[in-house]
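Chains as they are written, first to last, in my numbering: chain A, 1 to 125; chain B, 1001 to 1357.
Written out as structure tokens, the structure is:
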């Protein structure tokens, strides 16, 4: 498991509470500061209040007007310093890349996979 | 002279008989577009009495019901251009038979001078053919729509399956994180690995081009990649390799094969190498001989002799699962253990390995 040398703040956007809890716990165990949001609207609110966020990990299919890919595009346009990782069981890496994501993780994922993706993203920041 | 007249009369009679007997409606018109001869099928199809056609200008038939602009165009073109006109579409509400679609075929014959020309005018009724074609197009559109719906439902189902598996995996990980007993944590992590293997199987089945048949080699490779990702690392170095013959299995059997491989590989990685080393190796091999096959998972570990690390003597959950799955596949399980490691083989029917021959 990778340990973050310099704690970074990660935003996890996921509508399924158990998956979100697990992702948050996994990233906290890896040494990151983790914030969470249950949908895109919630994520925009968290983003407006936490300028320290460096990486956003988001699901794609979520309730509300904006799905995860639209959220990634919004972040890319309005907060280009934040790098996004898309996690999804049905969207593709190509779709994530087109939306502006830095990385893509297929669901269901192993804890180490998501940690590695975040770690790689932080390193290349 | 009499013989010449006889020949001319014979030719006219023959021509009249031909016209009257052809199956498609046919008219012979003179250069003023007056009907000289009409076939029986013309009378029958257009429900016009045979008494009403000879000597009647075409466009006055049925009180002018045949005064069709498209027909004018066709016949004038045929008379002036001296050409054959094929497949001229006329869609018209006819006086007695209602709305019909005809392909008209016109040909000028006999004299080269328009003043003595005759026109053969044939009618090909395509009303029903067009209706069938239209029905077919509608059916195709409906089929496309249903296929699209099927794709959407499959995508939705895939999303739900993947999300459900991720939720189950998340619960197991959260529980493993919360418990204080190391043994319980290990059990929960094992369960997590099994869920992830099922997920890998599901993922592969979903992306396969054919939903009913699965290509074994890439399927087992993908599955073992997932297992290696979760089980092999700095604390447990090992090499996991897959060798498989070309072949396909039905998806239900693919699931069983995948679960057997999962159990055996987890078992080998957990128990065969109590002292992790660089040479640790687990091999998955799948051979095919006609309809028979043999799946084996072998390692170069300590075999069953290493009591400290070996699985429970009576067989744990993994062993029971493998036996049950093998039975489902109509296959037998054989375990060979020695100083050089252990091999578990699952053999369908009377398979004879090429290497043993």
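C-beta: ideal position from N, C-alpha, C; glycine also.
Taking a C-beta distance under 9 Å as the contact criterion, residue 1343(B) and residue 1333(B) do not qualify as a contact pair. Taking 3 residues as the minimum length, the beta strand (DSSP E) runs contained wholly in the stretch 1070 to 1114 of chain B are 1085 to 1094, 1098 to 1110, in order along the chain. Those residues of the stretch 1153 to 1184 of chain B placed with their C-beta closer than 7 Å to a C-beta in chain A are 1155, 1158, 1159, 1162, 1163, 1165, 1166, 1167, 1169, 1170, 1171, 1173, 1174, 1177, ordered along the chain. Under the Cβ criterion (8 Å, minimum of three pairs), the stretch 1169 to 1178 of chain B does not count as touching the stretch 1227 to 1241 of chain B. In this structure, residue 122(A) lies away from residue 106(A), with their beta-carbon atoms at least 9 Å apart.
Against residue 1199(B), the close residues of chain A are 108, in the order they occur along the chain (beta-carbon pairs closer than 7 Å). For residue 38(A), the CB contacts under 6 Å within the same chain, skipping 5 residues up- and downstream, are 15 in chain order.
Under the three-state reduction of DSSP, residue 1206(B) is assigned to helix. Those residues of the stretch 1219 to 1241 of chain B placed with their C-beta closer than 9 Å to a C-beta in chain A are 1226, 1229, 1230, 1233, ordered along the chain. Per DSSP, residue 70(A) is one residue of the alpha helix (DSSP H) stretching across 68 to 78.
Residue state for residue 107(A) is assigned as coil, using DSSP reduced to three classes. Residue state for residue 1246(B) is assigned as coil, using DSSP reduced to three classes.
For residue 1335(B), the enclosing beta strand (DSSP E) covers residues 1331 to 1338.
Taking 9 Å as the threshold, the shortest C-beta distance from residue 62(A) to chain B does not fall below it. For residue 89(A), at least one C-beta of chain B is nearer than 9 Å to its own C-beta.
In the structure shown, residue 1175(B) adopts helical secondary structure according to DSSP, grouped into three states. Closest by C-alpha distance to residue 1233(B), out of 1039(B), 1280(B), 1090(B), is 1280(B). Between the beta-carbon of residue 1195(B) and that of residue 1165(B) there is about 6 Å, and that keeps the pair under the 8 Å contact cut. Under the three-state reduction of DSSP, residue 1044(B) is assigned to helix.
Residue 9(A) is a Cβ neighbour of residue 34(A), given a cutoff of 9 Å. Taking CB atoms only, residue 40(A) has no neighbour in chain B less than 9 Å away.
Residue 1039(B) is a Cβ neighbour of residue 1021(B), given a cutoff of 9 Å. From the beta-carbon of residue 18(A), the residues of chain B found nearer than 8 Å are 1167, 1170, 1171, 1174. Against chain A, the CB of residue 1148(B) has no partner CB under 9 Å away; the residue lies outside that interface.
Chain order gives the chain B residues near residue 21(A) as 1170, 1174, where near means a beta carbon separation below 8 Å.
Taking a 10 Å sphere around the C-beta of residue 22(A), we find 16 or more other C-beta atoms and assign the residue as buried. Secondary structure of residue 1060(B) (DSSP, three-state): helix.
In the three-state scheme derived from DSSP, where H, G and I count as helix and E and B as strand, residue 1343(B) is classed as strand. Chain B places no beta carbon closer than 9 Å to that of residue 80(A), leaving this residue out of the contacts.
As DSSP reads the structure, residue 1251(B) sits in no beta bridge. Contact with chain B is absent for residue 120(A), since none of that chain's Cβ atoms lies less than 9 Å from the residue's Cβ. In the three-state reduction of the DSSP assignment, residue 121(A) falls in the helix class. Closest in C-alpha terms to residue 1241(B), from the list 1284(B), 1251(B), 1204(B), comes 1284(B).
Contact with chain B is absent for residue 67(A), since none of that chain's Cβ atoms lies less than 9 Å from the residue's Cβ.
Within the model, the alpha-carbon separation for residue 1108(B) versus residue 1035(B) is close to 14 Å. If you look at residue 49(A), you'll find it in the alpha helix (DSSP H) that goes 40 to 49.
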